[in-house]
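Residue numbers (my numbering), protein chains in the order written: chain A, 1 to 273; chain B, 274 to 545.
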């Protein structure tokens, strides 16, 4: 295998992750429908819609929620290509693999049979697989919209205002921030390794390099974590996230929250088995 | 200027697990002094700064701030904690450690927000700090996307915004280009002669005369000399022993000789 194997794919992955993070922060700061709402409304409202998608048993209802989520995304400056590449394709790939056996294993009316008649795709199987894929696509689209249209610190503050323990919120904050520092560090380590490698490395050798890099990063992350906590303490941090933008619910926010909850309840009602 | 002690460290021992970092270190820093801590890598400069910032505590000995013991118990008191953090600020050597917010603005606003200042005050102070450090154009950028020098400026702005009485700077000129280095030195020089106390850890001897009126030499976790920059820089034996200069071997015609090599403004000539 060439040097463009495990090392190169890890480097591409790291660079994509860093790029995606930048895009997310940029979108979150653009003017848009979801961006203009109180983060607590978004968190409650979008999660209520996720719940509705999960509880609904009718494909039509779930597809309507999915369509609604897409329109919401467009009104919030989240483009279709962003949703397609970040959510839809990835979800289709992973959920598709899980849903595939359901086509054959769910008992019911055969729609298509193999020539020897041993394997059948059933009508009920198609419905089960489609339900699974549409549910996951809808849920992933809604949660991605929340992440893309809300600065990370505001999501954390919303979680705190809902009573999520501050230790948990702090851990999330640290993970999010320093994953990029470590990703950059990993990227530099692998690039430096690449620049000093002569000839073609076997797949096993490349995997070993990536594994060793992960080990070194683990040590670095522990040290970095300690230092970051000290740096936060040094600037008077006592465990609670404080933000400049104090959340203030406006009548628009209350209206949006009512809308989200109403749609979620209607979807659950219409989607019952 | 008449001085009163801002920090007093007495016989301080500190170790990382079993490895000693500071041994029997004693040091007094007076209010309004600009002190440079010099020493080779691993001499304990960064550790000392962390102890002075109340981020870790001595295994033996004591440190006091304006006569008040700097202990975990005292810092657990909210009033003392906020007052101390407001008055003492540390700029870490690695700016990545210090930049944990999504944007430069949020980063600089972090300290003032912890102080519980009003939104209007936070915004005006942050804007002033960004202007002062020449990084107003980076306001909405994520810190992890900045260059090393830009990160350092943001890290500086994030503590300057609190207008602290004491500034602890750990290798502040590292990662900075010559122009930014010069601007930083100008900034420190502006603080000299005011009531601000500046303690800078560095191994760049060429900036000592510009940034300090007192130099403290650390060797293996202990203070081995403390004097004016001129006195320290003229003591070649001390500088060699503390690994702050190296023997420079070179040729003048047929004559090959060596002497301590020091890139200081006043020490660039030597006799043969």
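Glycine included, every Cβ here is placed at the ideal spot set by N, Cα and C.
Mind checking residue i: buried by the 16 CB within 10 Å criterion, or exposed?
{"i": "residue 198 of chain A", "result": "exposed"}
{"i": "residue 71 of chain A", "result": "exposed"}
{"i": "residue 149 of chain A", "result": "buried"}
{"i": "residue 324 of chain B", "result": "buried"}
{"i": "residue 285 of chain B", "result": "buried"}
{"i": "residue 393 of chain B", "result": "exposed"}
{"i": "residue 240 of chain A", "result": "exposed"}
{"i": "residue 314 of chain B", "result": "exposed"}
{"i": "residue 38 of chain A", "result": "buried"}
{"i": "residue 309 of chain A", "result": "Residue 309 of chain A lies beyond the range of chain A shown here (1 to 273); nothing can be said about it."}
{"i": "residue 167 of chain A", "result": "exposed"}
{"i": "residue 235 of chain A", "result": "buried"}
Looking at the unbroken beta strand (DSSP E) that takes in residue i, where does it start and where does it end?
{"i": "residue 443 of chain B", "result": "439 to 443"}
{"i": "residue 289 of chain B", "result": "278 to 289"}
{"i": "residue 110 of chain A", "result": "110 to 113"}
{"i": "residue 385 of chain B", "result": "Per DSSP, residue 385 of chain B belongs to no beta strand (DSSP E); it is in the alpha helix (DSSP H), 377 to 387."}
{"i": "residue 293 of chain B", "result": "292 to 303"}
{"i": "residue 408 of chain B", "result": "Residue 408 of chain B -> no beta strand (DSSP E), and no H or E assigned at all."}
{"i": "residue 175 of chain A", "result": "It is not in any beta strand (DSSP E) - residue 175 of chain A instead sits in the alpha helix (DSSP H) that spans 166 to 195."}
{"i": "residue 276 of chain A", "result": "Outside the modelled stretch of chain A, which goes from 1 to 273, sits residue 276 of chain A, for which no answer is possible."}
Going by DSSP in three states, residue i sits in which element: helix, strand or coil?
{"i": "residue 471 of chain B", "result": "strand"}
{"i": "residue 492 of chain B", "result": "strand"}
{"i": "residue 365 of chain B", "result": "coil"}
{"i": "residue 334 of chain B", "result": "strand"}
{"i": "residue 57 of chain A", "result": "coil"}
{"i": "residue 435 of chain B", "result": "coil"}
{"i": "residue 76 of chain A", "result": "coil"}
{"i": "residue 308 of chain B", "result": "strand"}
{"i": "residue 323 of chain B", "result": "helix"}
{"i": "residue 537 of chain B", "result": "In this predicted model, residue 537 of chain B has a pLDDT of only 49, less than 50, meaning its place in the structure is not dependable enough to derive any value."}
{"i": "residue 134 of chain A", "result": "helix"}
{"i": "residue 497 of chain B", "result": "strand"}
{"i": "residue 414 of chain B", "result": "coil"}
{"i": "residue 487 of chain B", "result": "strand"}
{"i": "residue 2 of chain A", "result": "Because the pLDDT at residue 2 of chain A is just 45, under 50, the model does not fix this residue reliably, and the point stays unresolved."}
{"i": "residue 31 of chain A", "result": "coil"}
{"i": "residue 502 of chain B", "result": "helix"}
{"i": "residue 342 of chain B", "result": "strand"}
{"i": "residue 200 of chain A", "result": "coil"}
{"i": "residue 50 of chain A", "result": "helix"}
{"i": "residue 38 of chain A", "result": "coil"}
{"i": "residue 393 of chain B", "result": "helix"}
{"i": "residue 360 of chain B", "result": "helix"}
{"i": "residue 448 of chain B", "result": "coil"}
{"i": "residue 15 of chain A", "result": "helix"}
{"i": "residue 163 of chain A", "result": "coil"}
Using CA coordinates, which residue listed in the options is at the minimum distance from residue i?
{"i": "residue 334 of chain B", "options": "B/436, B/463, B/281, B/382", "result": "B/281"}
{"i": "residue 178 of chain A", "options": "A/126, A/17, A/10", "result": "A/17"}
{"i": "residue 365 of chain B", "options": "B/447, B/510, B/469", "result": "B/447"}
{"i": "residue 117 of chain A", "options": "A/104, A/61, A/162, A/203", "result": "A/104"}
{"i": "residue 339 of chain B", "options": "B/360, B/392, B/416, B/432", "result": "B/360"}
{"i": "residue 120 of chain A", "options": "A/127, A/109, A/128", "result": "A/109"}
{"i": "residue 404 of chain B", "options": "B/429, B/322, B/287, B/415", "result": "B/429"}
{"i": "residue 45 of chain A", "options": "A/266, A/272, A/260", "result": "A/260"}
{"i": "residue 12 of chain A", "options": "A/186, A/234, A/268", "result": "A/186"}
{"i": "residue 172 of chain A", "options": "A/29, A/225, A/63", "result": "A/225"}
{"i": "residue 308 of chain B", "options": "B/473, B/322, B/389", "result": "B/473"}
{"i": "residue 490 of chain B", "options": "B/467, B/471, B/515, B/455", "result": "B/515"}
{"i": "residue 363 of chain B", "options": "A/14, A/112, A/233, A/36", "result": "A/233"}
{"i": "residue 431 of chain B", "options": "B/456, B/370, B/513", "result": "B/370"}
Any chance the CB of residue i is under 6 Å from a heavy atom of the ligand GDP?
{"i": "residue 82 of chain A", "result": "For the ligand GDP, the structure offers nothing, since it holds no ligand at all."}
Taking only beta-carbon positions, decide if residue i is within less than 7 Å of chain D.
{"i": "residue 38 of chain A", "result": "In the displayed structure, chain D is absent; the protein chains listed are A and B."}
Under DSSP, the alpha helix (DSSP H) around residue i begins and ends at which residues?
{"i": "residue 479 of chain B", "result": "Looking at the DSSP string, residue 479 of chain B is not in any alpha helix (DSSP H), and its letter there is neither H nor E."}
{"i": "residue 459 of chain B", "result": "451 to 464"}
{"i": "residue 259 of chain A", "result": "251 to 270"}
{"i": "residue 518 of chain B", "result": "Careful: residue 518 of chain B lies outside any alpha helix (DSSP H) and carries neither H nor E."}
{"i": "residue 101 of chain A", "result": "89 to 105"}
The region 254 to 271 of chain A in contact with the region 218 to 228 of chain A per 3-pair CB rule at 8 Å: no
Inter-stretch contact (C-beta, 8 Å, three-pair minimum) for the region 139 to 153 of chain A and the region 76 to 96 of chain A: These segments touch.
Touching by the beta-carbon criterion (3+ pairs, under 8 Å), the region 313 to 322 of chain B and the region 427 to 447 of chain B: yes
Contact the region 277 to 295 of chain B vs the region 62 to 76 of chain A: 3+ CB pairs below 8 Å: no
Cβ pair count under 8 Å reaching 3, the region 290 to 301 of chain B against the region 494 to 503 of chain B: yes
Inter-stretch contact (C-beta, 8 Å, three-pair minimum) for the region 342 to 355 of chain B and the region 418 to 425 of chain B: no
Three or more C-beta pairs below 8 Å linking the region 365 to 383 of chain B and the region 340 to 352 of chain B: no
Stretch pair the region 394 to 404 of chain B + the region 161 to 178 of chain A: three plus CB contacts closer than 8 Å: no
Contact between the region 477 to 484 of chain B and the region 500 to 516 of chain B (3+ Cβ pairs under 8 Å): These segments touch.
The region 455 to 464 of chain B / the region 259 to 273 of chain A touching (three or more Cβ pairs under 8 Å): no
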